[in-house]
Every structure is written in structure tokens, then in C-alpha cells.
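Undergrad:
4 protein chains.
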Amino acid sequence: MSKLEKNKEFKEKALFNSAYELFLNKGIRNTAISDIVKKAGVAKGTFYLYFKDKYDICDKIIIEKSSELIKEAYNAVDTDGHSDYTETIIAFTDYIIEYLKQNVILLTLVHKNLSWGLFKKAIEDERNKEIEFIYEDLKKGLKENGLESQDLDEVLFMLIELIGSICYSSIIHKEPREIDEMKPILYRMIRKMVKK
Amino acid sequence: MSKLEKNKEFKEKALFNSAYELFLNKGIRNTAISDIVKKAGVAKGTFYLYFKDKYDICDKIIIEKSSELIKEAYNAVDTDGHSDYTETIIAFTDYIIEYLKQNVILLTLVHKNLSWGLFKKAIEDERNKEIEFIYEDLKKGLKENGLESQDLDEVLFMLIELIGSICYSSIIHKEPREIDEMKPILYRMIRKMVKK
Amino acid sequence: MSKLEKNKEFKEKALFNSAYELFLNKGIRNTAISDIVKKAGVAKGTFYLYFKDKYDICDKIIIEKSSELIKEAYNAVDTDGHSDYTETIIAFTDYIIEYLKQNVILLTLVHKNLSWGLFKKAIEDERNKEIEFIYEDLKKGLKENGLESQDLDEVLFMLIELIGSICYSSIIHKEPREIDEMKPILYRMIRKMVKK
Amino acid sequence: MSKLEKNKEFKEKALFNSAYELFLNKGIRNTAISDIVKKAGVAKGTFYLYFKDKYDICDKIIIEKSSELIKEAYNAVDTDGHSDYTETIIAFTDYIIEYLKQNVILLTLVHKNLSWGLFKKAIEDERNKEIEFIYEDLKKGLKENGLESQDLDEVLFMLIELIGSICYSSIIHKEPREIDEMKPILYRMIRKMVKK
DNA sequence: TATGAATGAGGGTTCATTCAT
DNA sequence: CATGAATGAACCCTCATTCAT
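Residue numbers (my numbering), protein chains in the order written: chain Y, 1 to 196; chain H, 197 to 392; chain D, 393 to 588; chain S, 589 to 784.
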């Protein structure tokens, strides 16, 4: 990698990280591109060399950060070897919830802006084979667990949506209860949904 | 009601309806207050006599419109007399889904902005006794159906979140499938969740 | 005085006092007529029955409040009976300075808006004979003290301007020094200026 | 200086001069930023690249214009070589008064907005060494004249305030007399104040 | 590739004043 | 006399985007 290419990558990273921190601290709406470039220490025009606009960089941040979390969670529970795959799913969920409890603003960012379309794009991204693998592994687990095999995608989707929604309202708004009180109920529901 | 009071109500209604249509057609972000007042045929300052800002009127629209839908759905299924309350819930859900299929933009509006906090405000609003009644009736039904009675609020909340998320992504993004393909799977999940 | 006339006077007083307090607390620029009427408990239109605009009521407040202070100061020092009239002037000045030290915001209000023209209007106002008398008495004192009798008005004017300016910058901005440090220097200057 | 830098300076100057003229002709309150930029022939946003707001540019104008006047006055009298420094001060004052007689609106602008704090900022400004030098020279002159040396700053301050106030009311309001009638009385007072 | 000055449309908000009731 | 809803001009300020350097 030439010196020039390194420099380019460095600038892009700087913009990426600056935007991430600003989105977390001030919210997307209140973050201007001029804030991002100032923090990154580059000129305003440079931003447009790497990203289309604010929402472009935002999408990229969300994909990267949530992929990271998913990989981390997967690696943390993978080796546990629960006999019942349902319990693996719940351990996986639990890891993510605990993480988001500590990182509330990421949750806000992701929840308000993570669409299924974006998620699919992440899965299909060539550079993100790992996420695709995890996704397939989860499906396989559910199938081996006895779940109707024709609807695996849909059920997994529902699980993700349910967990996401509950995290968001419980952790951020404490509604209808604190997340720790919601957890047992949520896990009971997951078990019911996944049961044959 | 005096002529003056009638006029006031007329103006507020005009603003409300204009904002509603504009939010639907152009989205909230792209709707300026100047658009709203122009469409309503009142002066800009008049807007601020009735609403704090754009998000204030938006909240009020969402509460009103979703309350209307809930009441309509409730009245439509109430008299059916299913022996099993689960089926009542599903009929209720089905009514709402069919409605939102025809009114996609309301769905967008509501989904992106309806928080549980807002919903609770609606339930507790003195002028909205009917919504409170429906909410309590749903809980009663779930209870009689044999659901664990200590977690009724939470389970109902989860149902609402799940249904809302699935509507949003299936109807709007057709992801992971069209809503009509999702329905049977969703209803199967609801039955599982509500089962004793 | 009829009940109606009493009511009228009552409303005007209410507006007057409300404006005074608001001007002190928020400054003139930041006080809107709607603030004044709200505090006074009258309708917006009523304001215009009694005053032309914000600056009209402001002028009236300044005249009234500064007249009050001058009378108070005059009554406080009048009886002292200094053999030298210069010392009477200084005692008079001192009383006013001490008062303004305790009432900084009145000072701001008055300094920024009290023009000589306004002051003359106050002196010539039929309802304010007392101020005119004080003014003439001060001149008489200066004259008896031996000051060139043809320039009495002008010298008195200069004294007032000098004292006013020093109060303003010393009390409010502490520039070039605190008022208590400025006092002896100021009084020395006054003595020099008034000396034959 | 590059073409770009020249252009920048040109724009700032254009804004500065436009604002100055508008403030003089319409008053500060009645001058909108949109007026300034229109006159300067630049876009609205450009204003905010160079000045914080209307009051920022106003402060800068006042400092610049009064510095100019002071320098001009100083250079005009410096070489006179009065044996008595009091007469130098009076010549200096006279020069300023004559200037302000011809430039009434600058007087208005300066009087209403020139605070001692602003003046001190001007003196301490690195780019304004000349003003500082003049100020120190005036003090030195007073001292050599025999004035109590510990209060030089304060007495000079009083002189400035007195002269400023008299200019303002005499030139603008002709109160209590026309400036030309006030001058001899004022100069007599200055002599008394400065005398040992 | 990188810069950052310049743009100017557009948004939100205020508020003195009027006038029908 | 009193009201207060309605007005709408006026204003400030932001900010995404462009483009000459």
C-alpha cells in the first residue's frame, strides 16, 4: 500500500470515527458535516470524496458497529455447547442485551436506523462473510431444534425484531419495565416461539 | 359555542389536517411549517398559537390517528364472539394489518414516531377513556385465556411491538416477505406466545 | 372617582409595575409587550389604550423612578445644614450612589435611557413641581457658593453627567475601579469643579 | 498575499464598510444583516464567516473608528508644543469635538455603545500599540503637569467620560446648549479638574 | 487528491399591532 | 372600555454543497 493510499485510508477512518462519536454524543440530527470534518481534522470538501452525505456515513457506521457486536456475541457463546439450541439463542441474546445495557447510545443509533434492508446488505456484503456464516449457523441450529424448516428465515426475523424492540424500550425508556425485569419474560416468549 | 370559538376550532383542525396530509405525502422531515400554514390557509404565527413546534403537532396526529384505528378495529371484532380469546386477538390484529395495508404512509408515520411513552400518554388521557377500556379488555381476555396473570402488561407489550415491527417491514419493505405471506407465520407465533 | 375610573387607573398601574419589574429582570430588549400584559393580567389590546409602545412606557417608568430617587435624596440631605454648599452636593451625590449600589438594575435602566431631554420633560411636568423646586434649589446653592452665576445650568448639567457616567461604569463594570475607590477621587473632582 | 487571501480581505472590508454606513444612516436597531450583505454584495452566510452577529461587527466598527479618530487627533496636536500640558489636552479635546461636529452619526454610534471595557480591549489589542502609546503619553503629560500621580488613570477616565457625555448631548440634542457655547465652560472645567 | 471560502435557499420563531366581538 | 385571536413581515442563523485554487 503506497503512502498516498495509506493517507487516504487514514482520512476515511478519521471521518468514520469522528462521525461515530458525534452521532453518539449529539445525535444524528444535531451533527453537521462541518462538525465531523472539524473533529476529523480534514477539509469539508474531503468528506464528499468518501461519503455521499450524512446518512451514507451513518449507514456504514451502523453496519460496522452492529456486525462487530454480533461477531463478539457469537464468539462468546459459540463454545458453550448447550444441548438445547434454544438455550444457545438465549445466551446469544443475553450477551447482546448486556452489551447494549452498557452502551445505550449505540442502541439508540442502531434502533432508529437499522432496517432489515440494511441488515441484509451487511449479510450479503462480500467483506462480511463472517456475519453470513453466523446467520446461517443460527438457522441451522433452529432447524436441528425441530422448528418448522420452511419458515426459518421468517421466524428468525421475528425473533430479531422482538428482541430489538424490547431492548430499545426497556433499556432506554424503561418501559414497560426495566430490561432486567423484562428478560425472564422475554426469554420465556423466545422459548415458546422456538418450541416445535 | 360562540362564533369565535368555532373559528378557533376550525383553524386548529385546518392546521391538523394539513399537517397530516403533508406528513403523509412529503414526510415529516421535508414538511416545513410554512407548508402547513400555507395549505391550511392561515398565517404562520397562527401555528404557534396551537402547537409548540412541528414535533408537537406530529405527536398529536399520531395519537389521534392510531387511537382511531384501534377503536375501529376493536368495534369491528368485538361482537364476533370467538370462543377462544386468542382468536379475538388475531382477528383484531388482522383488522389492523388490513387497514395499514391500505394506508401505508400512516404506518410509516406511526412506526417511526410512536413510542410506548406516547402510547401510554394516549391511554391515560382523560379524553381517551375508550382506548383505556380497550386496553384493559384485551388484558382481561388474555387472563381469562389462561395466560400467566402477573405479566399481562409485558406480554401485551411484546405482542404490540412484534406486530408493529412485522407490519412495518413486511408492508413497507416487503422484508423478509410480503405481509400476506408473513401473516400465517405471525399468527402462529402469536398463538404460541399467548398459549398457557 | 367612579368605579370605572378607578378600574382604569388600576389597570394602568398594573401595566406600569409589571413593565418595571420585567425591564429590571430581563432588560428592555428582552421584554415583550405580551410579557407585560401577561404579568399585569390584562389583555394585549388594553396595553395600547394606555401607552403608545414599549418605549413610551419605558420613558414614563424612568421619569417616575428617577424622580422618586432624587426626592428621596434631597429630603435626606436637606436638613443637614452644611456650612459649605459643596458638601451638601456631595452628600446628595453620596446618597444617590449608595442607593444605586443597592439597586444596580435601576441604574442600568436609567443610564442607558435617561436623556437630558427626558429629564427636562420631567422638570417641566406640571405634576412634578417638586423636582423643579429641587433643581432650582441646587442652582441657588451653587450660586451662593460663589460659582459663576451665568453658567449654573451648564455646570450642574456637567456634574450630573459626570456622576452618572462614573456610577454606571464603576458600579456595573467595576471600571476603572470599584465605586468605593472612585468616590474620593470623584468628590475631589466635584470640589474642584464647583470651587470659585 | 495570494489571490484568495486578497479576496477574503476584500469581502470582510466590504461587509465592514457596508455595516458602518448602514448603522450611521439607519441606526443599529433598524439595520438587518440582510441589509448589510445586500449592500456588500455577498451572500448571507458569508457574513457569519467573518462576524459572530450584528453586535460583533458593531463593536469592531466602534473600536476601529474611534481609534482612528484618536490617532488623528493626537497627531494633529502632538507637535504643538504647549508649555502647559493642560492646553495640549484641551487642544486634543477640541480636535475631537470639531471632528464629531462634522460626523454626528459616528458620535451617536460610539456614545451608545462604547463602554470602557471595549476601550480597554482596544488599548490592549496587540494590533493597536499606537493607541496604548497615546494613552500612556496622556497620562505622562498629566503627571508632569503636577497632577496627583496615584490617580492618573481615574482622572483621565473621568475626563473622557465627561467630554463624551457633553459632546453627545450638546452636539446631538443641543442640550443644555449648543456645543460651541458649551466649549468654554467645558474647557474651564477641564482646567479646574487637571489643576494641581 | 485536498482544500475551505462562498453560497443562498430555507427553516424556525417572534412580536407589535389590528380589529371583530 | 376591554378582549385576545389572528396576522405576516421581519429576522436570525444553519448548513449541505460547490468549485476555484
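Glycine included, every Cβ here is placed at the ideal spot set by N, Cα and C.
Spatial neighbours of Y:M189 within its chain, please: C-beta separation below 8 angstroms, excluding the five flanking residues on both sides.
TA: Closer than 8 angstroms at the Cβ level, and outside the excluded window around Y:M189, lie L162.
Undergrad: Give me the chain H residues within the contact set of Y:K195, using Cβ-Cβ distance strictly less than 9 angstroms, ordered along the chain.
TA: K388, listed in chain order.
Undergrad: Measuring straight from C-alpha to C-alpha, what distance separates Y:V155 and Y:E148?
TA: Cα to Cα, Y:V155 sits roughly 9 angstroms from Y:E148.
Undergrad: Give the single residue among S:G729, S:K640 and S:I649 whose Cα lies nearest to the Cα of S:N605.
TA: Ranking the options by Cα distance to S:N605, first place goes to S:I649.
Undergrad: If we cut at 8 angstroms on Cβ distances, does Y:G146 have a partner in chain H?
TA: No - not a single Cβ of chain H is within 8 angstroms of the one on Y:G146.
Undergrad: What do you get for Y:P184, buried or exposed, if any count of 16 or more other CB atoms within 10 angstroms of its CB means buried?
TA: Exposed, because fewer than 16 other Cβ atoms sit within 10 Å of the Cβ of Y:P184.
Undergrad: How would you write the range of the alpha helix (DSSP H) that H:K248 sits in, first residue to last?
TA: H:K248 -> no alpha helix (DSSP H), and no H or E assigned at all.
Undergrad: Whole angstroms is fine: what's the gap from S:Y662's alpha carbon to D:D545's?
TA: For S:Y662 and D:D545, the distance between alpha carbons rounds to 31 angstroms.
Undergrad: Going residue by residue through the stretch 495 to 568 of chain D, where are the continuous alpha helix (DSSP H) segments of at least 4 residues, counting only ones entirely within it?
TA: The qualifying runs are 496 to 505, 508 to 516, 521 to 536 and 544 to 559.
Undergrad: List, in order along the chain, the chain Y residues whose C-beta lies closer than 7 angstroms to that of H:E260?
TA: Per Cβ cutoff of 7 angstroms: no residues; H:E260 is ~21 angstroms from chain Y at best.
Undergrad: State the CB to CB distance for the pair D:F459 and D:A514, rounded to an integer number of angstroms; the pair is presumed to be in contact (CB under 8 angstroms).
TA: Strictly speaking, residue 459 of chain D in this sequence is Ser, with Phe absent from that position. Contact flag correct, Cβ pair sits at about 6 angstroms.
Undergrad: So for S:E597, helix, strand or coil by DSSP?
TA: Helix, per DSSP.
Undergrad: Counting only the same chain and skipping the five closest in sequence on each side, list residues whose C-beta sits under 6 angstroms from that of S:A664.
TA: Cβ within range, chain order: Y683.
Undergrad: Helix, strand or coil for Y:I185? Go by DSSP, reduced to three states.
TA: Three-state DSSP puts Y:I185 in a helix.
Undergrad: Does the separation of the CB atoms of D:N537 and D:Y477 fall below 8 angstroms?
TA: It is a contact, given that the beta carbons lie within the stated cut-off.
Undergrad: Against chain D, does S:E749 count as a neighbour if the rule is that its beta carbon must be under 8 angstroms from one of theirs?
TA: So yes, S:E749 belongs to the interface.
Undergrad: Would you kindly report the start and end of the unbroken alpha helix (DSSP H) that includes D:I420?
TA: Segment: none, D:I420 is in no alpha helix (DSSP H) and carries neither H nor E.
Undergrad: Between Y:K71 and Y:E181, what straight-line distance do the alpha-carbon atoms span, to the nearest angstrom?
TA: For Y:K71 and Y:E181, the distance between alpha carbons rounds to 26 angstroms.
Undergrad: Nearest to S:V782 by CA position, among S:L747, S:L657, S:I651 and S:A602, is which residue?
TA: The candidate whose alpha carbon is nearest that of S:V782 is S:L747.
Undergrad: For a cutoff of 8 angstroms on Cβ pairs, would you count Y:S149 as touching chain H?
TA: So no, Y:S149 is outside the interface.
Undergrad: Would you identify the three-state DSSP class for S:D672, choosing helix, strand or coil?
TA: In this structure, S:D672 counts as coil in the three-state DSSP scheme.
Undergrad: Taking its Cβ as the centre, do 16 or more other Cβ atoms sit within 10 Å of Y:A43, making it buried, or is it exposed?
TA: With fewer than 16 other Cβ atoms within 10 Å, it is exposed.
Undergrad: Quick one: list the residues of chain S neighbouring D:V547, beta-carbon separation under 8 angstroms, in chain order.
TA: I773 and M777, listed in chain order.
Undergrad: Residues of chain D with CB under 9 angstroms from S:R715, in chain order?
TA: Correct list: empty, because the minimum Cβ distance to chain D is about 22 angstroms.
Undergrad: Determine the DSSP secondary structure at S:A661, reduced to helix, strand or coil.
TA: Helix, per DSSP.
Undergrad: Pull out every residue of the stretch 557 to 571 of chain D whose Cβ sits closer than 8 angstroms to any Cβ of chain S, in chain order.
TA: Those would be S557, I558, S561, H565, E567, P568 and R569, in chain order.
Undergrad: Report the rounded CA-to-CA distance for D:K504 versus D:K512, giving the unit in angstroms.
TA: Roughly 17 angstroms separates the two Cα atoms.
Undergrad: Indicate whether at least one CB of chain D lies closer than 8 angstroms to the CB of S:G705.
TA: It does; some Cβ of chain D falls within 8 angstroms.
Undergrad: Measure how close the beta-carbons of D:I449 and D:Y579 come, nearest whole angstrom, since I'm counting them as under 8 angstroms.
TA: Actually they do not touch by this definition, with Cβ atoms about 36 angstroms apart.
Undergrad: Could you tell me the alpha carbon to alpha carbon distance between S:K599 and S:K627, rounded to whole angstroms?
TA: Cα-Cα distance, rounded: 11 angstroms.
Undergrad: Just confirm the distance between the C-beta atoms of H:L211 and H:F243, as a whole number of angstroms; I'd bet it's less than 8 angstroms.
TA: Contact flag correct, Cβ pair sits at about 6 angstroms.
Undergrad: Beta carbon of H:L302, beta carbon of H:K248: below 8 angstroms?
TA: Against a cut-off of 8 angstroms, the Cβ pair of H:K248 and H:L302 comes out as no contact.
Undergrad: Determine whether the beta carbon atoms of H:Y398 and H:L265 lie at a separation below 8 angstroms.
TA: Given a span of 197 to 392 for chain H in the structure shown, any question on residue 398 of chain H remains unanswerable.
Undergrad: Are Y:S169 and Y:E175 closer than 8 angstroms when you measure CB to CB?
TA: Yes; because the gap between Cβ atoms is below 8 angstroms, this pair is in contact.
Undergrad: Excluding five sequence neighbours on each side, which residues of the same chain lie with their C-beta closer than 7 angstroms to the C-beta of Y:L118?
TA: Same-chain partners within the cutoff: D59, I62 and I63.
Undergrad: Please work out which residues of its chain come closer than 8 angstroms, Cβ to Cβ, to Y:K139, disregarding the five sequence neighbours upstream and downstream, and give them in chain order.
TA: Result list for Y:K139: L152, D153 and L156, in chain order.
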